[in-house]
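Protein chains in written order, with my numbering: chain A, 204 to 706; chain B, 5 to 109; chain C, 1125 to 1600; chain D, 7 to 320.
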């Protein structure tokens, strides 16, 4: 039997099956549920590792299932897909560990972890999708599986947030569907192909193709939280911390951004998109989002809200990089897909720790938190500095490449946008660091319910994940030019996109 | 012209009268009568045209259809009547309880 | 001689119904076996059609036009499949739902209803279709009234008048066709049709009658009260199968007899009514505060989709057929799930569903899955149907229709999540819950899952639909 | 001359039919409406005679006018018992614009129908010839019976099911206000004792004659039902011993026999209801006999409303 056809489905199943089993588990079977979660995550990680090795060797992993007479459900592991798959797999493992610690005593854990696994399944499917239809299927699945997580708390606020989330995402999905079907009626194929499959279309169709591009980008922009489609993201903060972490760093927003990458590179093809003058508007939209998100972040006192707006701003770096015509910018955008994920999830883990340990939700309450929770705060600081693009962090790498790309694409204004954004990032992160490290501790924390024991400032399940990701932030920054770094992988993808070079 | 057409027109008339009564009346027993009149109208059209070029032995197929139809009609009438009575026992009136306008046949 | 599966589909339920009437004690076992046998027979018929093409059976050995013909092609097969699957689900559900006394009344009528549906989907004779329509209609009305009570009776009476007048209009049309073209056999008529006034009148009368039975807006007035007040398993059948039967006849008539000369005007009219139905039905569903009424209005809306196929003609019949099947499965699942919530809580006020997700997870899950299919979200039969329909619309540049489909999907999402959103809330438990038998929960869930799985079986389904080219203008 | 008279009769009958229907549907008094409706049925029977449809005439007289009339009158009596204001709302439910527009629509409909009927080709292309050509293989010489029980026997099979189904429905809806037990006057009593056997004989004759002359199972069943109804009105009741299983057997016998025959034929001849010409006559007689009993029983049960022994439910 040919394993190459089986690997992609197995990667999807490795989180689907545990999820389905967990649903039927009674609430009190904590042990078995934990085992299922972790084995699923680890198994996925191993499979992904196998595929990474294989693809680097030039293996071709692809599975097809006829869905409609001449459209198939395609799962394919090309380099771009693996970039996202790897990110999701790694962060899923960490988030699972974190969530197990976080939801120690809260109700409905079976339901939570069930949908949690399905959500990751959907994200993996989005990553591995080999054509636009498959992408659409998993994209909608992602909407459906994240909804229960958003409303998990069951409060009125949660219900409202869930409604907003659905209104945005389902509307976006509808536009995506319209664009996809329209494209199909024009071309008769939806297969993702490096360099795109539309450049052969004759000029008569170009106008429709432009409209379709707008439909697709708007449909994807909702999840990628492009201004003004970002409204749902801050509201969704009512969800438990692990969910926010997943929503922001991996699953949802990244699915949107990743979709934009796919559409530009593998549907339209970057040259063709450039020929239709579609890239500059995209760049502008991304730039606006970057600035706007940072500005809004400045004025949030609620920690998670500030992080949310920071996400709005940071995710658009990816779209921006994609919109910069030329390999350098592309590399910057792609690598940021990974880097932003690592850094942002660190920040959310830490925010969760503050809330769970000391009951801190507002920035104004964070005075001296660094003394009480040094390790958490250390991780937080590293990630925050990374976001600002401080040297030796992953953030620095992606920003450097983006700036390079902007100059290479003769878009000087983009450079200014990037610098401004960095300044704004500093403006909303540095005060936090200052408070936590240098302000005196208050007499009592808002609601402390995890006592500190010697060096252990909180439950180790909560402590481990952020430390790991923070370390990863540094490693990805320092060893950026080694062969196994995300950067190297982004370069491999870019080579294929621009020069059709296959290893 | 032969009488056939004339009877057929009468049949069409019966159908229309019945339909009008069905829509106009609220009392269920009258609606039931109306349905039966509509039915007779259909049967009349069916049988009348079977004799339209005055053959001595007309086409028997419509006749068979009519007999089937008559039996179906009596079955439906019986069911309608018992439903009417039951509803009257519940509401005290042999009319459909008033609803929003678009629900009113 | 190969086994006449199609004949079994009619004879089995009739025989079982008579036995259930005479010996109520054995009724339940009888029904369960019978619905299983029906499913097997449909499978057998499918194989038969797959290998030998269309099925034709001259009843009594008299060929049409003198005799009556049974006929089965891909389209009939799809509807028979829907009947078999929903029939099994509802039989299992009902075996736990009814009190003993009600059950004794329910089983024979239910079996006759199944027989009527199968006979209808197999008939190639316009007058025979009238008889099956009446058999089906009376059975449906009787079942609607089964639970008694003011609302149920009123709904049943309203339904009875609607279905009877519809049948009579249809019959008058048949009479005109017979006297104009000398036959009631569809295939024979198809060869003789000419656009004489009688044909137009028949088109008007038969369409009007069948549209009334299908409850296409604005002729839907009777549906919500009847479907909402009937016992839940009955509501499921009414929404899933009974209204589809009249739609099926309409589709056949249109493709074989009237479409060729009626032209685009009528098709556009039907499309317009479909559009109105989608918008009106969805908005009404959104405004309801009672769960079963919401589901009933959702049926009004979903019927609209089927009629969007008429202006798109040949390109969209497949889509309509897929939608018929997927809606049958999803809607029956939804009504059964709603029935469970009703049974569990003793009320169906959406606003206080009392954390059903925790307390009745299977039913809530079934409701959600069915909802996914109704919204046309992937992966589900509803999605496949919507995709095909959308493809046809865009290929012909019918942006208006495409917009309606997408809007309808969003509205559907709105009313489905209106229910699910409340299902997650932490509202205090306001009542003493009654336990729901597992059979009832699983029946709903399995039907919902089949609606989802339909999304992966589109290719074989579509190739089955090709048998006998029901949409190629040929047919019975 | 004859044609002229005939024409006059036809015109008179047609007008009478329409007039009676109108009267029945418009009359202020409900009871009057029902009586007019029964009269309408009887005149329809005459029309059928004029249209050379004696079988239909019999069916109409026995079922259309007879049984339906009896059902309507019984229902009316119960209605009076249940709600004193049985005559409520004789006027239309919709008024003003609604009713006007309805009227206009109906007139348009009538006009359209008339036009459609009028323009039908006057040279007739029915199935009369086919029937005539095959009748000697049908086992009976009365063409209508041949169509009902052989050429289109499947329709009839489903039709008897419809009748039984109506009874199932009636029973499932449950007993309504019990029949008021009026002690039968001596006249009715003796009359019924006299008539009942006679009617049964008539039924038997109709059944037998159906093979070659107007008549048949449905007409016979209806007459049988008339006899039963008459006995019921004169206070006779089904013995409790027969009320349950035996009654249900009697009700199901006809449909069951028909169905059984259908199955046997499909097994032996390969086609559902394919009656071998040699046996057709006898088989049809068997079907019709059992059907007559069941139809009679069903109609009586429908008249009663509730299953025997359960009149005093609720």
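All C-beta atoms, glycine included, are put in the ideal place defined by N, C-alpha and C. Here the structure is a predicted model, which means the values were calculated and not measured.
Take residue 672/A and list the residues in its own chain whose beta-carbon comes closer than 6 angstroms to its own, dropping the five residues that flank it on each side.
-> For this step, residue 672/A is matched to residue 469 along the first chain. Excluding residues within five positions, the ones whose Cβ falls inside 6 angstroms are 545, 548 and 549.
Sorted by chain position, which residues of the same chain lie with C-beta nearer than 7 angstroms to residue 1276/C's C-beta, five sequence neighbours on each side aside?
-> Taking the first residue of the third chain as position 1, residue 1276/C is located at position 152. Excluding positions up to five away in sequence, the list reads 1268, 1269, 1353 and 1354.
Is residue 59/D closer than 8 angstroms to residue 10/B when the C-beta atoms are compared?
-> Here residue 10/B refers to the residue found at position 6 when the second chain is read from its first residue. Here residue 59/D refers to the residue found at position 53 when the fourth chain is read from its first residue. Not a contact, by the Cβ cut-off of 8 angstroms.
With DSSP as the reference, label residue 158/D as helix, strand or coil.
-> Within the fourth chain, the letter at position 152 stands for residue 158/D. Of the three classes helix, strand and coil, the one that applies to residue 158/D here is coil, per DSSP.
Reducing DSSP to helix, strand and coil, say where residue 1247/C ends up.
-> Residue numbering aside, residue 1247/C sits at position 123 when the third chain is read from its first letter. Residue 1247/C: strand per DSSP, three-state reduction.
Test: residue 96/B CB closer than 8 angstroms to a CB of chain C | Counting from one through the second chain, the residue named residue 96/B turns up at place 92. No, its Cβ sits nowhere closer than 8 angstroms to a Cβ of chain C.
Contact set between residue 1303/C and chain D, taken where Cβ atoms lie within less than 9 angstroms = For the purposes of this step, residue 1303/C is identified with residue 179 of the third chain, where counting begins at 1. Neighbours of residue 1303/C on chain D, chain order: 123, 126, 127, 130, 131 and 132.
DSSP state of residue 1352/C mapped onto helix, strand, coil | Position 228 of the third chain, counting from 1, holds the residue named residue 1352/C. It is helical.
Should residue 1217/C and residue 1563/C be called a contact, given that it needs their Cβ atoms to be closer than 8 angstroms?
-> If you number the third chain from 1, residue 1217/C lands on position 93. If you number the third chain from 1, residue 1563/C lands on position 439. Yes. Within cutoff.
Looking at the unbroken beta strand (DSSP E) that takes in residue 1193/C, where does it start and where does it end?
-> Against the third chain, residue 1193/C aligns to sequence position 69. Note, residue 1193/C: beta strand (DSSP E), 1193-1196.
Based on the DSSP output, what are the partners of residue 1179/C in its beta bridges?
-> Indexing the third chain from 1 puts residue 1179/C at position 55. According to DSSP, residue 1179/C bridges with 1196/C.
Between residue 604/A and the rest of its own chain, which residues show a CB-CB distance below 7 angstroms, the 5 nearest in sequence each way excluded?
-> The sequence position of residue 604/A within the first chain is 401, counting from 1. Once the five neighbours on either side are set aside, the close Cβ partners of residue 604/A are 531, 534, 535 and 538.
Cβ neighbour criterion (16 or more within 10 Å) applied to residue 30/B = Looking up residue 30/B in the second chain gives position 26. By the 10 Å Cβ count, residue 30/B comes out buried.
Out of curiosity, what's the CA-to-CA distance linking residue 1394/C and residue 463/A?
-> Against the third chain, residue 1394/C aligns to sequence position 270. Against the first chain, residue 463/A aligns to sequence position 260. Looking at the two C-alpha atoms, the distance is approximately 40 angstroms.
Decide if the segment 1142-1159 of chain C is in contact with the segment 108-116 of chain D; the criterion is three or more beta carbon pairs, one per stretch, under 8 angstroms apart.
-> no
Reduced DSSP secondary structure (H/G/I, E/B, other) of residue 56/B | Here the question's residue 56/B lines up with position 52 in the second chain. In the structure shown, residue 56/B sits in coil (DSSP, three-state: anything other than H, G, I, E or B).
Okay, do the segment 1214-1234 of chain C and the segment 1383-1394 of chain C touch, 3+ Cβ pairs below 8 angstroms being the bar?
-> no
Compare the C-beta of residue 156/D with all C-beta atoms of chain B and state if any pair is closer than 8 angstroms.
-> Residue numbering aside, residue 156/D sits at position 150 when the fourth chain is read from its first letter. Output row for residue 156/D: interface = no.
How about residue 1357/C and residue 1463/C: do their beta carbons lie closer than 8 angstroms?
-> In the third chain, counting from the first residue as 1, residue 1357/C sits at position 233. In the third chain, counting from the first residue as 1, residue 1463/C sits at position 339. Yes, they are a contact pair.
Relative to the C-alpha of residue 237/D, which residue among 306/D, 264/D and 251/D is closest?
-> The residue given as residue 237/D occupies position 231 in the fourth chain. If we check each option's Cα against that of residue 237/D, 306/D comes out closest.
Let me know if residue 270/D comes out buried or exposed under the rule of 16 or more other beta-carbons within 10 Å of its beta-carbon.
-> Residue mapping note: residue 270/D aligns to position 264 of the fourth chain, counting from 1. Exposed, because fewer than 16 other Cβ atoms sit within 10 Å of the Cβ of residue 270/D.
Which residues in chain A sit within 8 angstroms of residue 1601/C, going by Cβ to Cβ distance?
-> This structure leaves residue 1601/C out entirely; chain C is present only between 1125 and 1600.
Separation of residue 8/B from residue 51/B, as counted between CA atoms = The residue given as residue 51/B occupies position 47 in the second chain. The residue given as residue 8/B occupies position 4 in the second chain. Near 9 angstroms, if we compare the C-alpha coordinates of residue 8/B and residue 51/B.
Rounded C-alpha distance that separates residue 180/D from residue 1475/C = Your numbering for residue 180/D matches position 174 in the fourth chain. Your numbering for residue 1475/C matches position 351 in the third chain. So the alpha carbons of these two residues sit roughly 35 angstroms apart.
What does residue 49/B touch in chain D if you count any residue whose Cβ is under 9 angstroms from its own?
-> The residue given as residue 49/B occupies position 45 in the second chain. Neighbours of residue 49/B on chain D, chain order: 119 and 123.
What in chain A is Cβ-close to residue 1534/C, meaning under 7 angstroms?
-> As a first step, residue 1534/C must be located in the third chain, where it is residue number 410. 373, 374 and 377, listed in chain order.
Can you give, in chain order, each stretch of the alpha helix (DSSP H) that sits fully within the segment 1269-1326 of chain C and has at least 4 residues?
-> 1274-1305 and 1310-1316
Decide if residue 368/A is buried, meaning its Cβ has at least 16 other Cβ atoms within 10 Å, or exposed.
-> One-based indexing of the first chain puts residue 368/A at position 165. Buried, by the Cβ-count rule.
Name, going along the chain, the residues of the segment 1287-1302 of chain C whose beta-carbon falls closer than 7 angstroms to a beta-carbon of chain D.
-> 1300
Which same chain residues, not among the five before or five after residue 282/A, have their C-beta less than 7 angstroms away from its C-beta?
-> Counting from 1 along the first chain, the entry for residue 282/A is found at position 79. Excluding sequence neighbours, residue 282/A sits near 258, 692, 695, 696 and 699.
Say whether chain D places a C-beta atom closer than 8 angstroms to the C-beta of residue 1343/C.
-> Against the third chain, residue 1343/C aligns to sequence position 219. No, residue 1343/C lies away from the interface with chain D (no Cβ there is under 8 angstroms from its Cβ).
With 16 as the cutoff for other CB atoms within 10 Å, does residue 410/A come out buried or exposed?
-> Residue mapping note: residue 410/A aligns to position 207 of the first chain, counting from 1. By the 10 Å Cβ count, residue 410/A comes out exposed.
Neighbour flag for residue 1282/C against chain B, beta carbons, 8 angstroms = Within the third chain, residue 1282/C is the residue found at index 158, counting from 1. Yes, contact with chain B.
Can you give the Cα-Cα distance for residue 1480/C and residue 1548/C, rounded to whole angstroms?
-> Here the question's residue 1480/C lines up with position 356 in the third chain. Here the question's residue 1548/C lines up with position 424 in the third chain. Their Cα atoms are separated by approximately 7 angstroms.
Using three-state DSSP, classify residue 17/D as helix, strand or coil.
-> Start at 1 with the first residue of the fourth chain, and residue 17/D comes out as number 11. In this structure, residue 17/D counts as helix in the three-state DSSP scheme.
Report yes or no: is there a C-beta of chain C within less than 8 angstroms of the C-beta of residue 107/B?
-> The sequence position of residue 107/B within the second chain is 103, counting from 1. Because the pLDDT at residue 107/B is just 39, under 50, the model does not fix this residue reliably, and the value given afterwards should be weighed accordingly. True, the Cβ-Cβ gap to chain C drops below 8 angstroms.
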